[in-house]
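One structure is given here, and the rest of the page talks about it.
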Amino acid sequence: MVPDSLFDLGFWAAAIELVGGLIIVGYVVVALWAVARRAPERARLLVAEGVIAGLSFKLAGTLLKTILIHSWEQLAMFVAIFVLRFVLKRFFEWELARARRSERTG
């Protein structure tokens, strides 16, 4: 017998977002380890990489939630969250590129 939650899109959206959060936390833990080993530039790169990877999963979960939108308020909230995550991802991609450039030159 297959549980009903396997067919619930809200469950899968939450699961995908949870994976994104776990990816971010994992990279932050590794970055803290790098800071403890006196490698702050490497830690900066790790955090940026982790946020980019994690936000990709979180965006996928948010997109899956679009199927569950039933009102204009839900649509507005979805758009606000989507734009915020998209802008954050682009910012961290920019930061990662900048950190890699400084690592090569420094």
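This note's numbering puts the first residue of the sequence shown at 106, with every later residue one more than the last. Cβ coordinates follow ideal geometry from the N, Cα and C atoms, glycine included.
- When secondary structure is reduced to three states using DSSP, residue 172 falls in the helix class.
- If you look at residue 203, you'll find it in the alpha helix (DSSP H) that goes 177-210.
- Ranked by Cα distance from residue 147, the first of 136, 193, 180 is 136.
- In this structure residue 202 does not touch residue 149 by the C-beta definition: roughly 12 Å separates them, more than the 8 Å allowed.
- For the pair of segments examined, the stretch 114-121 was found to touch the stretch 168-185: the number of CB pairs separated by less than 8 Å reaches three.
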